[in-house]
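Here is the structure we will look at, set down as structure tokens.
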Amino acid sequence: MVRDLTCVGLTTLDILVRPVDALPDVQRPMLVEEIALAPAGTASGTAMVAATLGLDTAVISAVGQDVNGDIVLQLLKQAGVDCEQVARLGELPTSTSVLTIRSDGERPVFHMLGASILTGLIPAAVEMARSSRFFHFGGVGFPNLSSPEALAAVADIRAGGTYVTCDLIAPQPQTIETLRALLPHVDCFMPSEAEVRVLLGDVPAAEALTAFTGMGATSCIIKRGGAGSIGWSDGDIREVPAKSITPVDTTSCGDSYCAGFISGLSQGLSFRDAMTIATDTAADVASGLGTIGKLKRRVA
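Mapped onto the numbering used here, the consecutive letters of the sequence shown carry residue numbers 253 to 552.
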């Protein structure tokens with residue numbers, strides 16, 4: 253079976269509350285407008301958005317044997333995401349985040365590490381990725397996804413003709429060493445501007461694009477939030493401005509940008525036009541609460 257997209261990496265249950273501009277005093281409840289639950293993370297957030305965009309999507313990750321894991325799997329399956337390669341682990345709970353969304357759409361995060369940090373690429377998962385047109389690698393820094401064996405699996409997946417994209421999870425300065433080994437097997441690397449600063453310092457975007465493609469990535473896009481995005485492909489730099497919106501929740505903007513970009517490429521669009529689809533997708537998601545926001549479901 254050839255599917256459109258397989259995503260690997262972080263799966264978390266997001267518990268979102270808005271608006272929260274200050275924490276209430278003890279024993280004094282504060283009324284809010286919305287509280288929502290949503291699967292999120294570099295794997296499941298991207299997969300949720302991609303499935304909503306009409307892509308046949310699967311996820312490789314792990315959740316705990318707990319209620320939060322039950323909720324994550326139920327919501328993923330309702331969105332049409334194949335969860336065959338989502339492991340249920342007894343040794344750790346499901347990764348969970350509580351996000352207090354401010355009136356400006358920004359979001360302080362309380363995060364509990366959990367089962368998805370143990371995600372690996374077992375043979376069945378590798379075969380699933382090899383049978384996909386696109387493979388989104390969102391596990392940089394996870395121990396079982398940063399080993400020589402995992403990097404060899406990514407190389408094998410790409411060698412079979414699958415287009416490999418990559419995003420980051422809270423990188424540290426030492427993450428750059430993992431990227432030096434990974435990026436030669438990546439068709440498009442899509443870090444955020446904040447992540448670039450952690451890895452390279454405060455360098456101009458064009459210099460960062462050159463650095464990452466110099467490490468081996470075939471192309472690179474830097475997501476810059478309200479400043480839009482800038483990408484390098486085939487020797488040219490492309491810039492796409494952000495859409496003018498009033499943001500409600502920016503939690504999943506990065507993952508939704510990646511999903512939108514992959515959706516654009518899957519339709520045969522050019523690199524820059526796919527960046528535009530990515531920008532539109534992120535804007536729709538940021539216009540509402542949670543992983544999907546105000547994004548409308550599309551039929552493949």
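Virtual Cβ for every residue (Gly too), placed ideally from N, Cα, C.
Note on the segment 322-410: whole beta strand (DSSP E) runs with a minimum of 3 residues are 334-341, 348-352, 361-364, 384-390, in chain order. In this structure, the beta-carbon distance from Tyr509 to Thr533 falls below 9 Å. Contact between the segment 305-321 and the segment 520-528 is absent: fewer than three C-beta pairs spanning the two stretches fall below 8 Å. Between the segment 338-352 and the segment 263-274, the count of Cβ pairs shorter than 8 Å is three or higher; the stretches touch. Two segments are said to touch when three or more pairs of C-beta atoms, one from each, lie closer than 8 Å; by this definition the segment 396-410 touches the segment 428-440. By the neighbour-count criterion, in which 16 or more other beta carbons inside 10 Å mark a residue as buried, Asp277 falls on the exposed side. Check the Cα spacing between Asp507 and each of Gly542, Met467, Phe464, Thr465: the tightest is with Gly542. At a Cβ-Cβ threshold of 9 Å, Pro499 and Gly297 do not count as neighbours. DSSP lists no beta-bridge partner residue for Ile544.
Around the beta carbon of Pro281, fewer than 16 other beta carbons lie within 10 angstroms, which makes this residue exposed. For the pair Val416 and Phe387, the CB atoms are nearer than the 9 Å cut-off. For Val448, the closest of Ala460, His437, Ile323 by C-alpha to C-alpha distance is Ala460.
The alpha helix (DSSP H) runs lying completely inside the segment 264-313 and spanning 4 residues or more are 296-304, given in chain order.
Under DSSP, Phe441 takes part in a beta bridge, and its partners are Cys418, Cys472.
In the structure shown, Ile482 falls within a strand segment according to DSSP collapsed to helix, strand and coil. Under the DSSP definition of a beta bridge, Val260 partners with Ile312, Phe389.
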